[in-house]
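Asker: Per the numbering used here, numbering through the sequence shown is continuous, rising by one, with the last residue being 247.
The C-beta atom is built at its ideal place from N, Cα and C for all residues, glycine as well.
Fair warning: this is a prediction, and the values are worked out from it, not measured in the lab.
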Amino acid sequence: MKFEILPSFLAADLGRLADELRRAEASGADAIHIDIMDPHFVPNMSFGPSVVDFCRKTCPAFYRNVHLMMSRPDLYIGKFAAAGAQTIQVHVEADCDLHVELKRIKSLGVKPAIVLNPETDVEILRPYLGEIDEALVMTVHPGYGGQSFIAECLPKVAWLREKCPGLDIMIDGGGNAETIPLAAKAGANQFVAGSYLFGKSDMRAAVEDLRKRLASEPF
Ligand code: DX5
Ligand code: ZN
């Protein structure tokens, strides 16, 4: 299983977004994780489709992984697909028919993924497992970067890995050099890190260090 590292754009310096995106691409990271928030679903707001389009224009070859923290992602999936999202992640807690929306995402040529909040039981994903390319287990309560990793979420990763040996399984929230290997041990293969990676003056060295740590253990 390929390990992937995704800096979260939410932690970028807003005054230098183009440079920050180029820095993330040059670090050797696998994709940019773009956090989209509506203030009904989480107590915050962030980017919209225009930021996804900006990423496509600025670094066209840098894969765009788009995390919709929205109550009604169904109303925006088309816009994010048109803006250049390559994976769209929708929350299982959202207020829409996920079977329909996952199908819609796929029909737009985008990879469909489901996200699970820390308090949500992983069993709820069972009916969707055949319909997704990726599952994202939140390891913080969504809404803000820079929070502490909730290790109690890791059994959900292990549950998913046991049921779906070939599925991409991502963790998001509090990712760093200590917590990412823990998530890999539980079965995750994709790792978001926002404040940890953007906070480094040498992001390339930090990504290389994470890859070394992931390669040094028999996961
Ligand atoms: C949380 C977002 C995360 C966040 C991660 O609402 O979904 O992607 O940006 O940031 P860190 O890595 O700083 O916890
Ligand atoms: Zn996210």
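In this structure, does DSSP put Glu180 in helix, strand or coil?
Answerer: Here residue 180 refers to the residue found at position 152 when the sequence shown is read from its first residue. Looking at Glu180 - three-state DSSP - the assignment turns out to be helix.
Asker: Tell me whether Leu42, by its Cβ, gets closer than 8 angstroms to a heavy atom of the ligand DX5.
Answerer: For the purposes of this step, residue 42 is identified with residue 14 of the sequence shown, where counting begins at 1. No, the ligand DX5 has no heavy atom inside 8 angstroms of this Cβ.
Asker: Is it the case that the CB of Met231 approaches a heavy atom of the ligand ZN more closely than 8 angstroms?
Answerer: As a working mapping, residue 231 is identified with position 203 in the sequence shown. The closest heavy atom of the ligand ZN lies 8 angstroms or more from the beta carbon of Met231.
Asker: In this structure, what does DSSP give as the bridge partners for Leu96?
Answerer: Counting from 1 along the sequence shown, the entry for residue 96 is found at position 68. For Leu96, which the question treats as bridged, DSSP gives the partners Ile64 and Val118.
Asker: Hey, Ala221 and Gly203: beta-carbon distance below 9 angstroms or not?
Answerer: Stepping through the sequence shown from its first residue, residue 221 is reached at position 193. Stepping through the sequence shown from its first residue, residue 203 is reached at position 175. Yes. Within cutoff.
Asker: I need the boundaries of the alpha helix (DSSP H) containing Val79, first residue and last residue.
Answerer: Sequence index remark: in the sequence shown, residue 79 carries index 51 (1-based). For Val79, the enclosing alpha helix (DSSP H) starts and ends at Pro77 to Thr86.
Asker: Please report how far the alpha carbon of Thr207 lies from the alpha carbon of Gly171, in whole angstroms.
Answerer: For the purposes of this step, residue 207 is taken as the residue at position 179 of the sequence shown. For the purposes of this step, residue 171 is taken as the residue at position 143 of the sequence shown. Approximately 19 angstroms between the Cα atoms of the pair.
Asker: Is the beta carbon of Ile116 less than 9 angstroms from the beta carbon of Leu126?
Answerer: In the sequence shown, residue 116 corresponds to position 88, counting from 1. In the sequence shown, residue 126 corresponds to position 98, counting from 1. Cβ atoms of Ile116 and Leu126: not closer than 9 angstroms.
Asker: Determine the direct distance from the alpha carbon of Lys191 to that of Ile160, and round the result to whole angstroms.
Answerer: To locate residue 160, count along the sequence shown from 1; it is residue 132. To locate residue 191, count along the sequence shown from 1; it is residue 163. Approximately 13 angstroms, taken between the alpha carbons.
Asker: Taking 8 angstroms as the cut-off, does the CB of Gln114 come closer than this to any heavy atom belonging to the ligand DX5?
Answerer: Translated into the one-based positions of the sequence shown, residue 114 becomes position 86. Within 8 angstroms of the C-beta of Gln114 there is not a single heavy atom belonging to the ligand DX5.
Asker: The ligand ZN heavy atoms versus the CB of Gly227: any closer than 8 angstroms?
Answerer: Position 199 of the sequence shown, counted from the start, is the residue given in the question as residue 227. The answer is no for Gly227.
Asker: Looking at the secondary structure, which residues open and close the beta strand (DSSP E) in which Asp230 lies?
Answerer: If you number the sequence shown from 1, residue 230 lands on position 202. From DSSP, Asp230 is part of no beta strand (DSSP E); its letter is neither H nor E.
Asker: Can you list, in chain order, every residue whose CB sits closer than 6 angstroms to a heavy atom of the ligand ZN?
Answerer: Ser36, His61, Asp63, His95, Asp200 and Val220
Asker: Pick out whichever of Lys131, Leu164, Glu236 and Ser223 has its Cα sitting closest to the Cα of Asn93.
Answerer: The residue you call residue 93 lines up with position 65 of the sequence shown. Closest by alpha carbon: Leu164.
Asker: Do Gln218 and the ligand DX5 come close, with the Cβ less than 8 angstroms from some heavy atom?
Answerer: To locate residue 218, count along the sequence shown from 1; it is residue 190. No, the beta carbon of Gln218 sits no closer than 8 angstroms to any heavy atom of the ligand DX5.
Asker: Going by C-alpha to C-alpha distance, which of Trp187, Glu162, Asp200 and Ile60 sits closest to Pro88?
Answerer: As a working note, residue 88 is residue 60 in the sequence shown. Looking at Trp187, Glu162, Asp200 and Ile60, the one whose alpha-carbon comes closest to that of Pro88 is Ile60.
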